[in-house]
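In the numbering used here, the protein residues as written are 467 to 1189.
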């Protein structure tokens, strides 16, 4: 009975909004009796009238809650009661409400039914028949996402991860043991409840995740055991909508923030109409009455202008209520404006004229409204910089123009009004703003948004010079008439087993063997090497004083080294720069009146790193990097007035990368290559074919260097705890 009374009161209020002109005329017809009979799957109603109807009454049906309404024009309620209970099949009861000369009959149903009307004499027959499907309101329905397909298998939740999507949506990723887990998802109150049927969850996942810092609509995700099931409760904030899908063993729920659009009747990010579906059979009915009914079904507070007039005929089945309103707007040239939870419906020309008058009146008020002075204490921003932003000027630099005073015409976009002004005190960091009250509200919101502490990033850079060099020597060294004992390995062990250091003749072992003093020594060719040599005697031990032959073979490899490891801390979105190097002087001359003047200038030759970090909502760091390596090239120096002016070789790498917090990015590709081939030989003898290799040494040297820069950003926590 409470449901009937509440529904009856709703329609009383709705019909009370009908034009008063109908209340002044007396009804010419009346409803005298209503009879109900079950006919198989159908339900038949016979409504007996005092006079025969010229046409069936206008009516509409609603799917949720299920009901059918019929409007009788110029008709009174002669039943002697306003409600009647039937309980025939899917027909529960009937409400009859009369306001003025109109009477509405509302049939309350258990589920959505089709209806047909026909006239026979003074009676109206209404046939209710079941339909195959029931269209539910998406905002209140409970969805069985997936049925349990693997019965008897033990289902479990293996992991739960929360992430922030690219468009700021909250994404809950649930890893399941198998794809046959049954899942129920529904909206309960202000939250979202997900039940995993006959599923277990380990103790480490039974917790409440506070995900406020991810800047998504979701504030918390709580997972707990609920009997044989696992219940997950997702708590969002503000206006939101959700989407769920499953891929193999992974179940994903996305909660997206809804940006309110004042031009939409039903808010949501989905494309198309989203209101509850209705079926309407409206024959030559009043437009204002139909708009009022649709607003009621959408739960809107509507104010319809008196200038909305005319009639319309609509025969629609299972159409969203907001689409019905849109059709009427297009048909009758209407429009709406939404203020809070109230919509105003009027002709388009009337709304445009009203808005134009409002804008003109606001402009006049701004020009006549008295100014008010308010001071703002800035904590993180500099008061002079904020003053320039309010005035639509760039940040203060050396030689910048002073702040504009009241009445100055500034072409740039400014937040201050035309008569507003801002004065900054650098010492106390106070900002004084003199403007109209409405602008002061905007300025207060602007300052509260920008006067926040910037997060800081530690940039660690390691500059590595990797050398790929080689040095290969091959040839023959002849020692003629040299009485020094042969040594195996050159700088290795002497013939008696003593160790000799390179470049010396003093053994390092005790009781060294005395060698024969060196007499005349001839080296063919003269050649020095840092590597080892192999000494071979061409003759027996008695003739070694005549000829010793040393075969030389050398190969050396280069290695890399760290040449710089700078660190710098900078604020979010603030450029940091590191330089290391020299400035090379170069001479320029100028002549004037026969006098030559020399001028010394300097060119930078530095290794520099510029980085602008940006902390993303996920906690990663996006960096705009510029790596520059400059060095003088003295081999190509140009002589000027007796001085050498070298050109500057420059290598620049510029990129924009996204790195995880604490991750490392490598920048390379700056190469320099150098090769050198030399041959040392004895004149004439070294030119003999084939045998000439006994009198010459060939040396090949090559070097290739690559500059590698390793950059690691680390976001510094706002709260640092020292143990």
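Positions of the beta carbon are idealized from the N, C-alpha and C atoms, including for glycine.
Check, Outcome
"Going by other Cβ atoms of all chains shown within 10 Å of its Cβ, with 16 needed for buried, is residue 825 buried or exposed?", "exposed"
"Measuring straight from C-alpha to C-alpha, what distance separates residue 1162 and residue 1168?", "20 Å"
"Three or more beta-carbon pairs under 8 Å between the stretch 555-574 and the stretch 812-820, yes or no?", "no"
"Indicate the three-state DSSP secondary structure (helix, strand or coil) for residue 784 in the structure shown.", "strand"
"How many Å lie between residue 977 and residue 929 at the Cα?", "The pLDDT assigned to residue 977 is 42, lower than 50, so where the model puts this residue is not dependable; a value taken from the coordinates is nonetheless given after this. Whole-angstrom Cα-Cα distance: 51 Å."
"Pull up the CB-CB distance for residue 644 and residue 661, whole angstroms please, since I reckon it's below 8 Å.", "At roughly 17 Å, the Cβ-Cβ gap does not stay under 8 Å, so residue 644 and residue 661 are not in contact."
"Spatial neighbours of residue 439 within its chain, please: C-beta separation below 6 Å, excluding the five flanking residues on both sides.", "Residue 439 lies beyond the residue range present for the chain, which begins at 467 and ends at 1189; the question has no answer from this structure."
"Give me the Cα-Cα distance between residue 530 and residue 653, rounded to the nearest whole angstrom.", "16 Å"
"Given residue 835, which residues of its chain have a CB within under 6 Å of its CB, disregarding the five upstream and five downstream residues?", "902"
"Considering just the uninterrupted stretch of the alpha helix (DSSP H) at residue 1074, what are its terminal residues?", "Not the alpha helix (DSSP H): residue 1074 falls in the beta strand (DSSP E), residues 1061-1081."
"Using beta-carbon positions only, say whether residue 515 and residue 497 come within less than 8 Å of one another.", "yes"
"Would you identify the three-state DSSP class for residue 1112, choosing helix, strand or coil?", "coil"
"With a threshold of 16 other CB atoms inside 10 Å of the CB of residue 1099, please say whether the residue is buried or exposed.", "exposed"
"Buried or exposed for residue 678, going by 16 or more other Cβ atoms inside 10 Å?", "exposed"
"Is it the case that the Cβ atoms of residue 909 and residue 1033 are separated by a distance below 8 Å?", "no"
"Below 6 Å CB to CB, which residues in the same chain sit around residue 1119 once its five sequence neighbours on both sides are set aside?", "1093 and 1133"
"Measure the alpha-carbon distance for residue 689 versus residue 636 and round it to whole angstroms.", "16 Å"
"Closest to residue 646 by C-alpha separation, out of 703, 595, 536 and 713, would be which residue?", "713"
"With a threshold of 16 other CB atoms inside 10 Å of the CB of residue 1051, please say whether the residue is buried or exposed.", "exposed"
"Whole angstroms is fine: what's the gap from residue 840's alpha carbon to residue 899's?", "5 Å"
"Between the beta-carbon of residue 563 and the beta-carbon of residue 548, is there less than 8 Å?", "yes"
"Secondary structure at residue 514, three-state DSSP: helix, strand or coil?", "strand"
"Would you list the residues sitting across from residue 595 in a DSSP beta bridge?", "580"
"State buried or exposed for residue 1101, treating a residue as buried only when at least 16 other CB atoms are found within 10 Å of its CB.", "exposed"
"Which stretch, first to last residue, makes up the alpha helix (DSSP H) that contains residue 833?", "814-834"
"In whole angstroms, what separates the C-alpha of residue 1069 from that of residue 1043?", "18 Å"
"Decide if the stretch 583-591 is in contact with the stretch 510-528; the criterion is three or more beta carbon pairs, one per stretch, under 8 Å apart.", "yes"
"Out of 523, 1179, 913 and 759, point me to the one whose CA is closest to residue 412's CA.", "This structure gives no information on residue 412, because the portion of the chain shown stretches from 467 to 1189."
"On a CA-only basis, which of 597, 1160, 789 and 827 is nearest residue 407? Give me that one, please.", "Given that the chain is displayed from residue 467 to residue 1189, the structure contains no residue 407 and the question cannot be resolved."
"With DSSP as the reference, label residue 1168 as helix, strand or coil.", "strand"
"Could you tell me the boundaries of the beta strand (DSSP E) in which residue 805 lies?", "800-805"
"Less than 8 Å between C-beta atoms, sequence neighbours within five positions excluded: which residues of the same chain meet that for residue 920?", "846, 1037, 1038, 1039 and 1040"
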